[in-house]
Amino acid sequence: MQNLGHIEMLDGTGARHRLDDPSALITEVSPALAVSPAPDGLAELLRDMDNSMRNDVLARRHREGWSAELRQKIAAAGVPGFLAYLEQSLPPHLAAMTLDQWGALEGHPFYPTWKAKPGLPPQEVTALSPEFGARVRLRITALRKKWAYIEK
Numbered sequence: 004m005q006n007l008g009h010i011e012m013l014d015g016t017g018a019r020h021r022l023d024d025p026s027a028l029i030t031e032v033s034p035a036l037a038v039s040p041a042p043d044g045l046a047e048l049l050r051d052m053d054n055s056m057r058n059d060v061l062a063r064r065h066r067e068g069w070s071a072e073l074r075q076k077i078a079a080a081g082v083p084g085f086l087a088y089l090e091q092s093l094p095p096h097l098a099a100m101t102l103d104q105w106g107a108l109e110g111h112p113f114y115p116t117w118k119a120k121p122g123l124p125p126q127e128v129t130a131l132s133p134e135f136g137a138r139v140r141l142r143i144t145a146l147r148k149k150w151a152y153i154e155k
C-alpha cells in the first residue's frame with residue numbers, strides 16, 4: 004500500500020493541520036469512534052502503534068544489509084535468483100525457514116500494531132523476531148493428560 008498524499012485535518016477555525024503519524028490520526032478520530040475504548044485502551048493502542056513502527060524501522064534497516072548479503076551470495080553461486088539460490092544452497096527445511104523469515108518483514112501491515120512487541124527492548128526484538136533471522140532454541144515437553152484442563 005502506498006501513501007499518495009498527506010493527511011490533514013481542519014480545526015474549528017478551518018485551519019489545516021497535517022497529521023504526521025498514525026498515532027496522531029487515531030488521537031484525532033477517537034472521539035468519533037462508535038465504540039468507547041477501555042479507560043487505558045487508547046493510550047495502550049497508541050503505545051503499541053509507536054512500538055510497532057519503531058520495530059518496523061529496525062526490521063527494514065536489517066533487511067537492507069540482509070538483501071546486500073544475499074545478492075552477493077546469489078551472484079557468487081551463479082544462479083538466476085533468490086529461490087534458485089535457496090534451492091541450490093540449503094536443505095528444504097532451511098530454505099522454507101529462510102523464506103518464512105524473509106516474508107516476516109511485511110507481516111500484517113494493515114493491522115496497526117503488526118510489529119508491536121511491548122516490553123521488549125530493541126536488542127531483544129532483533130534477537131527473537133523472525134524478520135531478523137532469529138534462531139531460538141525450543142524445548143519440547145510432555146504434559147500428562149490428567150493435568151491439562153481448559154477454563155471456560
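Following our numbering, the numbering of the sequence shown begins with 4 at its first residue and continues without gaps. Every residue, glycine too, gets a C-beta built ideally from N, C-alpha and C. Since this is a predicted model, take the numbers as computed values, not measurements.
> Given a threshold of 16 other Cβ atoms within 10 Å of its Cβ, counted over all protein chains shown, does S70 qualify as buried or as exposed?
Replying inline: exposed
> Exposed or buried, what is T144 when buried is set at 16 or more other beta-carbons lying within 10 Å of its beta-carbon?
Replying inline: With fewer than 16 Cβ atoms within 10 Å of its Cβ, T144 is classed as exposed.
> Using the rule of at least 16 other Cβ atoms within 10 Å of the residue's Cβ for burial, across every protein chain shown, is K118 buried or exposed?
Replying inline: buried
>> Going by C-alpha to C-alpha distance, which of Q104, I153, P112 sits closest to A130?
In response: Q104
> Under the DSSP definition of a beta bridge, which residues are partnered with M12?
Replying inline: H20
>> Just to confirm before moving on: does the CB-CB distance between E134 and L108 stay below 7 Å?
In response: Going by C-beta atoms, E134 is nearer than 7 Å to L108.
> According to DSSP, is L45 helix, strand or coil?
Replying inline: helix
>> Which runs of the beta strand (DSSP E) at least 3 residues long sit entirely within the segment 19-97? Give them in chain order.
In response: 19-22
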